[in-house]
Amino acid sequence: MKKRVIVIGAGLAGMIAAYAAQREGADVVLVDRGSIGLGTNSAMANGVVAGPTGSYGRKEYIADTIAIGRGINREPMVEAAAAEAWSAISLLRSVGLDVVEGANLYSVRSPDPEVIPGVAIVKKIAGALVSLDGFRAITGFYVTDIMKAKGRACGIRGLSATGKETAIAAGAVILAAGGAGAVYLKNDNQKTIMGQGYELAAKAGLSLWDMEFVQFYPLVFADPHLPSMLVFPPYHEAVELTNSAGEDIVMKYGLGNINEAVIKKRDEFSATLFRELQSGPVSMDFRNIPPKMWKEHPLSLLARMRHDFSTEPAAVSPAAHFFMGGVKIDEGCETDLPGLFACGEAAFGLHGANRRGGNALLECIVFGSVAGKSAARRAVESDARSMKRPGPAPADMSGGKGDLRAIRREIRGIAWNDAGVVRSEKGMKEGLEKIGEAQRKLKEAAPANERDRRLKLDLESAAFTVKAILAAGLGRKESRGSFLRSDFPGEDNTNWKKNSCLRYDAGHDLFALSFDDAGQKV
Ligand SMILES: Cc1cc2nc3c(=O)[nH]c(=O)nc-3n(C[C@H](O)[C@H](O)[C@H](O)COP(=O)(O)OP(=O)(O)OC[C@H]3O[C@@H](n4cnc5c(N)ncnc54)[C@H](O)[C@@H]3O)c2cc1C
Numbered sequence: 015m016k017k018r019v020i021v022i023g024a025g026l027a028g029m030i031a032a033y034a035a036q037r038e039g040a041d042v043v044l045v046d047r048g049s050i051g052l053g054t055n056s057a058m059a060n061g062v063v064a065g066p067t068g069s070y071g072r073k074e075y076i077a078d079t080i081a082i083g084r085g086i087n088r089e090p091m092v093e094a095a096a097a098e099a100w101s102a103i104s105l106l107r108s109v110g111l112d113v114v115e116g117a118n119l120y121s122v123r124s125p126d127p128e129v130i131p132g133v134a135i136v137k138k139i140a141g142a143l144v145s146l147d148g149f150r151a152i153t154g155f156y157v158t159d160i161m162k163a164k165g166r167a168c169g170i171r172g173l174s175a176t177g178k179e180t181a182i183a184a185g186a187v188i189l190a191a192g193g194a195g196a197v198y199l200k201n202d203n204q205k206t207i208m209g210q211g212y213e214l215a216a217k218a219g220l221s222l223w224d225m226e227f228v229q230f231y232p233l234v235f236a237d238p239h240l241p242s243m244l245v246f247p248p249y250h251e252a253v254e255l256t257n258s259a260g261e262d263i264v265m266k267y268g269l270g271n272i273n274e275a276v277i278k279k280r281d282e283f284s285a286t287l288f289r290e291l292q293s294g295p296v297s298m299d300f301r302n303i304p305p306k307m308w309k310e311h312p313l314s315l316l317a318r319m320r321h322d323f324s325t326e327p328a329a330v331s332p333a334a335h336f337f338m339g340g341v342k343i344d345e346g347c348e349t350d351l352p353g354l355f356a357c358g359e360a361a362f363g364l365h366g367a368n369r370r371g372g373n374a375l376l377e378c379i380v381f382g383s384v385a386g387k388s389a390a391r392r393a394v395e396s397d398a399r400s401m402k403r404p405g406p407a408p409a410d411m412s413g414g415k416g417d418l419r420a421i422r423r424e425i426r427g428i429a430w431n432d433a434g435v436v437r438s439e440k441g442m443k444e445g446l447e448k449i450g451e452a453q454r455k456l457k458e459a460a461p462a463n464e465r466d467r468r469l470k471l472d473l474e475s476a477a478f479t480v481k482a483i484l485a486a487g488l489g490r491k492e493s494r495g496s497f498l499r500s501d502f503p504g505e506d507n508t509n510w511k512k513n514s515c516l517r518y519d520a521g522h523d524l525f526a527l528s529f530d531d532a533g534q535k536v
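Numbering-wise (the numbering used here), the sequence shown opens with residue 15 and increments by one.
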């Protein structure tokens with residue numbers, strides 16, 4: 015009998031892991047609370063994939079990734095990404111994607127300028143997956159626990175699409191549940207991405223590393239009638255960015271041009287915009303763009319929206335984009351819990367204190383492949399029991415109480431104000447108190463229906479993740495990479511060139527924080 019591997023999360027990392035595990039001989043069950051590929055952060059990606067190219071050597075790629083990560087990347091992971099980048103690009107091409115090599119990165123071109131490249135990627139990979147023997151997808155399945163037996167992962171528990179509590183046994187489990195951008199008031203992620211994977215891992219006994227490092231993208235639409243969507247680069251030279259006094263922000267701060275500011279000074283740029291927003295809205299003005307340009311990507315995406323950008327500027331803001339932190343994995347992507355593997359944004363290590371553009375998609379493909387292969391091999395060593403029958407239908411939820419949407423606003427506000435672009439000891443301490451209060455309200459809230467039951471689970475993960483960001487951030491008394499503190503504005507390599515490690519004590523609902531140099535050790 016073949017052995018079973020369960021993959022949690024059907025974004026790029028999970029789909030690639032499922033593909034690799036099947037190719038390695040396992041029966042694969044891919045579960046997602048939504049659908050396969052679509053509805054994930056991967057589907058929103060701009061299609062930039064980092065890696066060495068013909069004119070950009072492996073050494074340069076490694077040096078740049080570590081320089082951007084401010085020296086606390088796990089170097090063996092950076093080396094693995096560099097070594098496997100070419101295979102990753104070949105894999106994308108093998109499923110029919112158009113991958114163009116640039117000077118120091120690759121771009122996946124969508125066949126239709128009105129379709130986000132990420133959608134083209136996930137559709138092609140999903141297409142390759144569904145035709146495989148021994149592959150099964152379960153959509154609408156919300157994982158609530160990673161099951162353990164005899165000190166190793168042996169399956170998952172969760173809610174099926176109809177709300178039935180269900181357990182599924184497996185010889186190995188892969189955590190590919192993504193990051194947590196949507197815990198912030200302003201973010202460009204899918205709105206359900208709230209750190210569920212981090213909470214699942216911590217509840218299974220794993221430490222969380224580098225949770226204070228959250229990358230903010232400087233330019234996301236902030237008009238209430240527009241989706242809070244990243245304004246995709248590159249930006250045409252005619253685009254202007256103005257503050258509430260009508261000043262040109264790029265000129266005011268000597269940022270060169272918007273593209274340069276986004277690529278080379280992203281964190282400084284986000285902090286500048288964050289401060290400007292304290293005195294009024296910041297607008298992006300596309301009115302001087304030549305009409306013929308609106309047919310080309312990325313402007314073609316804007317041309318489809320209800321707002322007429324060619325006649326009216328739009329409000330913009332920085333927003334949470336990517337989580338550098340997560341679960342520690344070894345060279346086979348196995349976590350400290352035997353039989354549990356992790357890949358994609360759920361894992362930590364490749365990026366250090368900040369992420370080089372394009373390294374997230376590369377990470378999904380390289381480490382998704384490794385996780386899939388290793389999990390399939392590991393699953394063979396243990397007996398996968400057959401799938402358990404679904405449990406009873408959930409209890410009557412007619413008497414709901416507590417306003418979950420108000421609690422969501424509260425958690426997102428705490429994240430934005432106290433664990434956001436620029437932080438301070440005072441703010442983070444206040445944030446911890448406020449998040450404790452939100453957790454108390456959540457505990458008392460009773461969902462009125464299945465949808466709210468999932469929202470409550472999302473919010474528990476969100477509050478847990480914000481607490482982790484604050485706990486790790488309070489300990490780091492410096493600024494590094496994406497992490498900026500107003501009370502410790504400088505980088506301190508003597509004391510803080512280290513990774514933070516949070517061990518969760520479920521009994522007391524507390525984190526124990528330590529700092530370690532995880533960079534060289536795998
Ligand atoms: C707007 C935008 C543009 C980007 N552009 C780029 C780019 O051009 N290049 C680049 O390198 N990176 C880019 N990134 C980052 C990159 O897209 C993501 O980091 C990456 O796609 C994450 O992939 P993943 O598979 O780890 O997670 P995801 O794609 O987020 O998938 C995780 C899946 O797990 C599911 N899940 C979570 N918890 C549970 C649970 N408890 N039960 C069941 N299912 C669960 C989620 O619903 C989700 O479907 C971009 C990100 C954004 C937001």
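Every residue gets a Cβ at the ideal spot worked out from N, C-alpha and C, and that includes glycine.
Alpha carbon to alpha carbon, what distance is there between residue j and residue i?
i	j	result
K448	A34	43 Å
L111	A275	30 Å
K535	S108	At K535, the pLDDT of 43 sits below 50, so the modelled position is not reliable and the matter cannot be decided from this model.
A462	M411	5 Å
V296	K200	14 Å
W223	L516	6 Å
L146	D159	27 Å
G445	F149	44 Å
D432	S121	35 Å
I80	I86	7 Å
E89	T54	28 Å
G504	G177	49 Å
L269	S293	20 Å
What residue range is occupied by the uninterrupted alpha helix (DSSP H) comprising residue i?
i	result
Q292	Here Q292 belongs to no alpha helix (DSSP H), and DSSP marks it neither H nor E.
I428	L418 to D432
Y75	R72 to I82
Y120	Run containing Y120: none in the alpha helix (DSSP H); it sits in the beta strand (DSSP E), L119 to R123.
M58	That residue, M58, is in no alpha helix (DSSP H); it is neither H nor E in DSSP.
A140	P131 to V144
T479	E464 to G489
L106	E89 to S108
I'd like the span of the beta strand (DSSP E) that includes residue i, first residue to last.
i	result
R171	R166 to L173
M338	First-last for M338: undefined, no H or E at that position.
D112	D112 to E115
E254	E254 to T256
K17	That residue, K17, is in no beta strand (DSSP E); it is neither H nor E in DSSP.
Going by beta carbon distance, what residues of the same chain come within less than 6 Å of residue i, once the five residues before and after it are set aside?
i	result
F529	K512 and S514
K342	W223
M91	G363 and L364
K443	none
P127	H311 and S314
Less than 8 Å between the C-beta atoms of residue i and residue j, yes or no?
i	j	result
V157	I22	yes
V45	I152	yes
I135	L52	no
T180	G169	no
F355	I188	yes
A57	L376	no
A64	N373	yes
V435	F283	no
A59	A190	no
I303	V253	yes
R391	R437	no
I277	G371	yes
G192	G132	no
G413	D466	no
V380	A95	yes
V43	A389	no
A520	G353	no
Spatial neighbours of residue i within its chain, please: C-beta separation below 7 Å, excluding the five flanking residues on both sides.
i	result
G562	Because the chain spans 15 through 536 in this model, residue 562 falls outside it and cannot be assessed.
V228	A334, F337, I483 and S496
K455	G416 and I421
Near residue i, what residues of its chain come up, given a Cβ to Cβ distance below 8 Å and the 5 sequence neighbours on each side ignored?
i	result
A117	T67, S69 and Y70
N509	K491 and E492
S400	Unreliable positioning characterises S400 in this predicted model, as indicated by a pLDDT of 48, which lies under 50. The coordinate reading is nonetheless provided below. Excluding residues within five positions, the ones whose Cβ falls inside 8 Å are A183.
I425	V197, I449, A452, L473, A476, A477 and V480
T349	L189, A215, L220, V341, K342, I343, F355 and A356
Does residue i have its Cβ less than 8 Å from a Cβ in chain C?
i	result
I139	This model lacks chain C altogether; it includes just one protein chain.
Cβ of residue i within 7 Å of any heavy atom in ligand 2?
i	result
M58	As for ligand 2, it is missing from this structure, which binds only ligand 1.
* Asked: With a cut-off of 8 Å, do at least 3 Cβ pairs link the stretch 206-220 to the stretch 307-324?
  -> no
* Would you say the stretch 283-295 touches the stretch 324-333, given that touching needs at least three Cβ pairs under 8 Å? -> The stretch 283-295 is in contact with the stretch 324-333.
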